[in-house]
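Numbering of the sequence shown is given in the working numbering, commencing with residue 1 and proceeding in unit increments. Reviewing the structure listed below.
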Amino acid sequence: MNFHDKVQQIIAIKNSLLCVGLDSDIEKMPRALRASKNPLFDFNRAIIDATADYAAAFKVNLAFYEAHGVGGWQALHDTFSYLPSDVLKIADAKRGDIGNTAVMYARTVFDVLGADCVTVNPYMGFDSIEPFLMDETRGAFIICLTSNPGSHDFQYFSNGEQRLYERVAGMVNSWNRRKNCGLVVGATHADELAAVRRISPELPFLIPGIGAQGGDLVAAVRNGADAAGSLALFNSSRAIIYASGDDDFAQQAKEAAQATMMQLNEARFINE
1 MNFHDKVQQI IAIKNSLLCV GLDSDIEKMP RALRASKNPL FDFNRAIIDA
51 TADYAAAFKV NLAFYEAHGV GGWQALHDTF SYLPSDVLKI ADAKRGDIGN
101 TAVMYARTVF DVLGADCVTV NPYMGFDSIE PFLMDETRGA FIICLTSNPG
151 SHDFQYFSNG EQRLYERVAG MVNSWNRRKN CGLVVGATHA DELAAVRRIS
201 PELPFLIPGI GAQGGDLVAA VRNGADAAGS LALFNSSRAI IYASGDDDFA
251 QQAKEAAQAT MMQLNEARFI NE
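Structure below.
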């Protein structure tokens, strides 16, 4: 099964568009958990157990683990190993380099960590992306339009005919020969999200920004999902995993994940 079909199938089976982001920060964990021998993994395990029923995907932000050296890498590896088989496993690495370097990055996220897909930066062109696209069962979410304020610095540049993010979307369509390309498009840009979906109607979208970043959830779903209300994963990290800083963090994360999944589904099926 190619990556496109895998995304579609998981969304249908789980009846969910929710992606839970594991941007796990020891300083934001409950105090008792910080004293654990393996706080990153222990926290992630509790969050995964609490939220997996409601999530179609988990996005693991590698930076939050790499910052802790060998122990962080072990927690990263253990987290990917622990993720259930019925969710999409996303390595949020934002890699972008050429030649053998990209080959090694791809080997790391796919063969070592066991991720289903990875986020990548297209700035260096197709040869920096191609190593991540060699296996049709593994995918790459290519950064198109981000949800941070600095997105205007480059992504909105126009040549008079189209903006840079529109050019990226069109180019990724042409790279999608194995049906394993997707796009990262921020939820804080509702109108632009709709424009990108018109350019790339058949690509899976990874859409950050619906939680703590303040994106309009209903507008994001209506503009970001495909015509069937699928092919979009909406990431929420802090609003779910840090729903509580106390010992009830897992229960609060569960309730936040369930509520977010239901809100996403309500937005999917408005007017149906």
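Note that beta-carbon positions come from the ideal geometry of N, C-alpha and C, so glycine has one too.
Look at the beta carbons and you see the segment 11 to 25 touching the segment 226 to 242: at least three pairs across the two are nearer than 8 Å. In the DSSP assignment, A169 falls within the alpha helix (DSSP H) that extends over 164 to 175. The bridge partners DSSP lists for R95 are V120. Bounds of the alpha helix (DSSP H) holding G71 are 69 to 82.
Looking at the DSSP output, A232 bridges to F205. Looking at the DSSP output, A57 bridges to C19, L88. Of N2, L33, K14, I10, the smallest CA-CA separation from D247 is found for L33.
With a beta-carbon spacing of about 6 Å, A190 and A220 fall inside the 8 Å limit used to define contacts. A Cβ-Cβ separation of about 5 Å places V196 in contact with A169 under the 8 Å criterion.
Around the beta carbon of H4, 16 or more other beta carbons lie within 10 angstroms, which makes this residue buried. With a cutoff of 8 Å on beta-carbon distance, F58 and D25 are scored as not near each other. For V70, there are no CB contacts under 6 Å within the same chain when 5 residues up- and downstream are skipped. In the DSSP assignment, I143 falls outside any alpha helix (DSSP H) and within the unbroken beta strand (DSSP E) covering 139 to 145. Collapsing the DSSP output to three states places G186 in coil.
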